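Peer 1: Here the sequence shown is numbered in my numbering, starting from 1 and rising by one per residue.
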Amino acid sequence: MLQVATEPKKAVAMENDTLLAVDNIEVVYNEYVLVLRGLSLEVQRGSITALLGANGAGKSTTLKAISGLLKSEDGKITRGDIKFDGQIISNQEPDTTVRSGISQVMEGRRIIQDMTVLENLKLGAFTRTDRANIADDIDLVYSYFPRLKERTGLAGYLSGGEQQMLAIGRAMMARPKLILMDEPSMGLSPLLVKEVFGIIKKLNRDFGVTILLVEQNAAMALSCASHGYIMENGKIVLDGTAAELRENEDIKEFYLGGSGERKSFKNIKSFKRRKRWL
Ligand SMILES: Nc1ncnc2c1ncn2[C@@H]1O[C@H](COP(=O)(O)OP(=O)(O)O)[C@@H](O)[C@H]1O
Ligand SMILES: [Mg+2]
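#1: In chain order, what residues of the same chain lie with their CB nearer than 7 Å to the CB of GLU183, ignoring the 5 residues before and after it?
#2: What first and last residue would you give for the beta strand (DSSP E) that runs through GLU42?
#3: If we count Cβ pairs, one from each stretch, closer than 8 Å, do we get three or more for the stretch 222-236 versus the stretch 45-53?
#4: Going by DSSP in three states, ARG109 sits in which element: helix, strand or coil?
#5: How is SER270 classed by DSSP in three states: helix, strand or coil?
#6: For LEU360, does the three-state DSSP call read helix, strand or coil?
#7: Is it the case that the CB of TYR29 approaches a heavy atom of ligand 1 more closely than 7 Å?
#8: Roughly how many whole angstroms lie between the Cα atoms of VAL117 and ILE134?
#9: Going by Cα to Cα distance, which pick from LEU188, ALA21 and SER60 is closest to ASN233?
#10: Is the Cβ-Cβ distance between ASP81 and ASP23 less than 8 Å?
#11: Got a sec, what are the start and stop residues for the beta strand (DSSP E) VAL22 sits in?
#12: Under the three-state reduction of DSSP, which class applies to LYS201: helix, strand or coil?
#13: Run the CB neighbour count on LEU34, radius 10 Å, all protein chains shown included, and call it buried at 16 or more, exposed below.
#14: Count the CB pairs spanning the stretch 168-175 and the stretch 122-130 that are closer than 8 Å, and state whether there are at least three.
#15: Under 8 Å, with one C-beta from each stretch per pair, do the stretch 27-47 and the stretch 60-76 reach the 3-pair mark?
#16: Below 8 Å on the Cβ atoms is my contact criterion, and I expect MET231 with SER185 to pass it. Report the Cβ-Cβ distance as a whole number of Å.
#17: Under the criterion of a Cβ to heavy atom distance below 7 Å, does THR49 qualify as lining ligand 1?
#18: Given that a residue counts as buried once 16 or more other Cβ atoms are within 10 Å of its Cβ, and exposed if not, what is ALA243?
#19: Could you check whether the Cβ of SER60 sits closer than 7 Å to any heavy atom belonging to ligand 1?
#20: Could you pull the DSSP bridge partners for ILE88 from this structure?
#21: Hey, quick one: how far does the beta strand (DSSP E) through GLY228 stretch, first residue to last?
#22: What does SER100 pair with, by DSSP beta-bridge criteria?
#23: On the three-state DSSP scale, how would you describe ALA13?
#24: Can you give me the Cβ contacts of ARG99 inside the same chain, cut-off strictly under 7 Å, excluding the 5 residues immediately before and after it?
#25: Could you pull out every residue in the same chain whose Cβ sits closer than 6 Å to the Cβ of ASP130, ignoring the five residues on either side in sequence?
#26: Tell me where the alpha helix (DSSP H) around LYS235 begins and ends.
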C-alpha cells in the first residue's frame, strides 16, 4: 500500500507584524541620476527603527521615496516596491500617502514660517475628516510641547528646538500610523537633542505610533530605537537590533565617536568577514 508522504512541519515563523516594507528599490533623479541602488528595509508596527549613515548616503531620498515627496524633486522609483500596511504605495501622490497614514517631518524643520504655531498645527490635520476632534488633538500636542502654547507669534520667530517640536507636533496632527523623521537632532544643542528624543520616545510609547528615524547622530538614535539599518551609497550595508549595533566594533569606530576620518565600511576587514553585509 502506498504511503502518503507528509510534509515535514515547517517551524512556525516568529510573530512578525511588518508595517512598512521597502523592497529592493531604485531611485533616479532627473531620469538619470541613480541614488538608491536596491535598498530594502522593514519597519515593524509600533517600533522605532533607525536609518543611519553619512551625509549623502541617500537617507533623505529613502524617506521621500516612502512619502511620495520625491516627485516634487523630479525623482522616481524605477525598480522595486514599497508596501505600507499591506498596500503598494510606490510613486503615490504625497497627499494620498498622508491619508493612508504616513507623515514626514522634513529635514531642516520645514514649518511655515509666516504662520502661527496654531495655524501650523491645524495645517497638519488637513487630510482629516473628523474635524470635531482636532481641537482636542491640538491640546494634546500642547501637553507634549508646553512651550509651543506660550508662543503666539509667527513660527519663524521660534527657536530651532521649538521649530523642531512644532514640526513633530504638526506631523502628529494627521494621526499617522507611521512618522518619518529626517534628522531631528540637526542643529540643536546636546541638551535640546536629549529633550526632543525624549519626546519622540514618549509619543511612540503613548500612542503606539511607529517611527522611522533618520539620523547622523547614531548614538542618540540607537538609544531610542529597537532596530537599526546602516546605509552607504544608496544601499543597506548592515542591520541589526539597536543593542547589536551599539556593540558592533565598526559602528563604534565609524559612527559612535571614533576618531579620525570616517572610512567606508567596505574597507574594513571585519566588514569583509561577514557575508550578509556585502
Ligand atoms: N533633488 C535631487 N536631484 C539630484 N540629486 C539629488 C537630489 N537630492 C539628493 N540628490 C543626491 O542624492 C544623494 C543622496 O542624497 P540624500 O538622500 O539627501 O542623502 P542623505 O540624506 O543621506 O544626506 C546625494 O548624492 C545627493 O547629491
Ligand atoms: Mg538628508
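We put the beta carbon where it would ideally sit given N, CA and C, even for glycine. Since this is a predicted model, take the numbers as computed values, not measurements.
Peer 2: On the basis of the data shown:
#1: Within the same chain, GLU183 has close Cβ partners GLU107, VAL214, GLU215 and GLN216.
#2: Residues 33-44.
#3: Yes: the two stretches touch, three or more of their Cβ pairs being nearer than 8 Å.
#4: The three-state secondary structure of ARG109, taken from DSSP, is coil.
#5: The predicted position of SER270 is uncertain, since its pLDDT is 49 and thus under 50; a value taken from the coordinates is nonetheless stated next. Helix.
#6: As displayed, the chain neither begins before 1 nor continues past 278, which places residue 360 out of reach and without an answer.
#7: Here the distance from the Cβ of TYR29 to the nearest heavy atom of ligand 1 is below 7 Å.
#8: Taking the CA atoms as reference points, VAL117 sits about 14 Å from ILE134.
#9: Out of LEU188, ALA21 and SER60, SER60 has the C-alpha closest to the C-alpha of ASN233.
#10: Contact check for ASP81 against ASP23 passes: the beta carbons are separated by less than 8 Å.
#11: Its beta strand (DSSP E) spans residues 18-29.
#12: DSSP, read as helix, strand or coil, puts LYS201 in helix.
#13: So LEU34 ends up on the exposed side.
#14: Result yes; three or more Cβ-Cβ pairs closer than 8 Å.
#15: With the cut-off at 8 Å, the stretch 27-47 and the stretch 60-76 touch.
#16: The C-beta distance from MET231 to SER185 rounds to 17 Å, too long to fall under 8 Å, and the pair is not in contact.
#17: At a cut-off of 7 Å, the beta-carbon of THR49 does not count as near ligand 1: no heavy atom of the ligand is closer than that.
#18: So ALA243 counts as exposed.
#19: Answer for SER60: yes, Cβ within range of ligand 1.
#20: DSSP, once it has assigned bridges, lists LYS83 as partnering ILE88.
#21: From DSSP, the beta strand (DSSP E) with GLY228 extends over 227-232.
#22: Looking at the DSSP output, SER100 bridges to nothing.
#23: At ALA13 the pLDDT is 45, less than 50, meaning the model places this residue with poor confidence; the figure from the coordinates comes in the next sentence. The answer is coil: DSSP assigns ALA13 none of H, G, I, E or B.
#24: Excluding positions up to five away in sequence, the list reads THR127.
#25: Cβ within range, chain order: n/a, list empty.
#26: Element bounds for LYS235: not the alpha helix (DSSP H) but the beta strand (DSSP E), 235-241.
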